[in-house]
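Asks: From first to last, the protein sequence lines stand for chains A and B. Per our numbering: the first sequence = residues 132 to 247. Per our numbering: the second sequence = residues 10 to 117.
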Amino acid sequence: GAVVSQHPSWVICKSGTSVKIECRSLDFQATTMFWYRQFPKQSLMLMATSNEGSKATYEQGVEKDKFLINHASLTLSTLTVTSAHPEDSSFYICSAPGTEPYNEQFFGPGTRLTVL
Amino acid sequence: GESVGLHLPTLSVQEGDNSIINCAYSNSASDYFIWYKQESGKGPQFIIDIRSNMDKRQGQRVTVLLNKTVKHLSLQIAATQPGDSAVYFCADSNDMRFGAGTRLTVKP
Numbered sequence: 132g133a134v135v136s137q138h139p140s141w142v143i144c145k146s147g148t149s150v151k152i153e154c155r156s157l158d159f160q161a162t163t164m165f166w167y168r169q170f171p172k173q174s175l176m177l178m179a180t181s182n183e184g185s186k187a188t189y190e191q192g193v194e195k196d197k198f199l200i201n202h203a204s205l206t207l208s209t210l211t212v213t214s215a216h217p218e219d220s221s222f223y224i225c226s227a228p229g230t231e232p233y234n235e236q237f238f239g240p241g242t243r244l245t246v247l
Numbered sequence: 010g011e012s013v014g015l016h017l018p019t020l021s022v023q024e025g026d027n028s029i030i031n032c033a034y035s036n037s038a039s040d041y042f043i044w045y046k047q048e049s050g051k052g053p054q055f056i057i058d059i060r061s062n063m064d065k066r067q068g069q070r071v072t073v074l075l076n077k078t079v080k081h082l083s084l085q086i087a088a089t090q091p092g093d094s095a096v097y098f099c100a101d102s103n104d105m106r107f108g109a110g111t112r113l114t115v116k117p
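1) Using a threshold of 8 Å, state whether the C-beta atoms of A/L210 and A/W166 are closer than that.
2) Could you please tell me which residues of the region 142 to 163 of chain A, in chain order, have their CB closer than 8 Å to any CB of chain B?
3) I need the straight-line Cα distance from A/F105 to B/V96, nearest angstrom please.
4) Taking beta-carbon pairs under 9 Å, can you tell me which members of the region 196 to 227 of chain A lie near chain B?
5) Considering Cα atoms alone, identify which of A/S226, A/T230 and A/T245 is closest to B/Q54.
6) Going by beta-carbon coordinates alone, are A/Q169 and A/M176 separated by less than 8 Å?
7) Cβ of A/Q191 less than 8 Å from any chain B Cβ?
8) Who are the neighbours of B/M63 on chain A, taking C-beta pairs under 7 Å?
9) Could you have a look at A/E218 and say whether DSSP puts it in helix, strand or coil?
10) In terms of alpha-carbon separation, which member of A/G241, A/E235, A/V150 and A/D196 lies closest to A/A133?
11) For the region 46 to 80 of chain B, which residues have a beta carbon sitting closer than 9 Å to at least one beta carbon of chain A?
12) B/G110 touches chain A at which residues, Cβ-Cβ below 7 Å?
13) Any beta carbon from chain B within less than 8 Å of A/L244's own beta carbon?
14) Closest Cβ-Cβ distance between A/L247 and chain B: below 8 Å?
15) Determine the chain B residues that contact A/P240 at a beta-carbon separation under 9 Å, and present them in chain order.
16) Quick one: Cα of B/Q90 to Cα of A/T148, how far?
17) Using a Cβ-Cβ cut-off of 8 Å, state whether A/E235 counts as contacting chain B.
18) Examine the Cβ distances between the region 185 to 195 of chain A and the region 17 to 36 of chain B and report whether three or more of them are shorter than 8 Å.
19) On the three-state DSSP scale, how would you describe A/P248?
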C-alpha cells in the first residue's frame, strides 16, 4: 500500500524559532497533500491543502504567514511553523490521497512539536 | 491558551464484547466513506470502506453499515480486543475535514 512518511517524528524548539516538518509520499506521487493539527484528546483539524506547484489553500482561521507550506515536488510537502510559541505545541499530521475516485487518505505517522 | 476543537466522545467496552461506533454525515451526495483508526501518538490508518451503493461491508472482525436514508454510518467490531483501543473516525471521501471521532477503550 501507499506510504507517507514525516520527518522529524518529534521536535522540541525554543519559543520564537522556526520549525520545518517534511511530508513525503514514498511510493506514489501526490499533487495534493493535507496538513492537520491535533491537540490532546481532540480531533484532527484540517489546516491547509498543499498543492504541488501552486499556493496552498488555508482553512479559515489558520495564519498562512505563520504556517508556511511549500509543495515543491510530487512527493514532498513541507510545513514550516514560523516564530513558534508554546500554543503551537501540537501533533501535526499530513496525508495524501490515493487514486481517484476513491480518495482514501494515506496518513503520515505525525510529528510531535513541543515549543518551550 | 487552550485551543477550541472537537472533543472526543468515548466508548468503553469489556474485552470480548462487540463494539458499535456511530457516525453521521451531512452530504447526501457523498458516495464513498472510510473508517480510520488512530492509535495514540500515530497517524490514522485505514480500516474499512464502503460505497454508497452498498448497505453493508464486512472485513476481518469489522463490519460497516450504511443507512443513506438517515445519513448514518456505523462500525461494528466483533470480539473487541485491547489492541482495538484507539480513536475511530469516519470520513466522507469528498471532505478532508474530520468530525469528532470516538475514543474506544477496551477493558481487560
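Every residue gets a Cβ at the ideal spot worked out from N, C-alpha and C, and that includes glycine.
Replies: Reading it off the structure:
1) yes
2) Against chain B - using a Cβ distance shorter than 8 Å - the region 142 to 163 of chain A contributes no residues.
3) Since the first residue of chain A shown is 132 and the last is 247, residue 105 of chain A is not available in this structure.
4) E218, S221, F222, I224, C225 and S226
5) A/S226
6) yes
7) no
8) Here the premise fails: no neighbours, minimum Cβ distance about 13 Å.
9) helix
10) The candidate whose alpha carbon is nearest that of A/A133 is A/E235.
11) Q47, G50, K51, G52, P53, Q54, F55, D58 and R60
12) S174
13) no
14) no
15) G50, K51 and G52
16) 43 Å
17) yes
18) no
19) With chain A running from 132 to 247 in the structure shown, residue 248 of chain A is simply not present.
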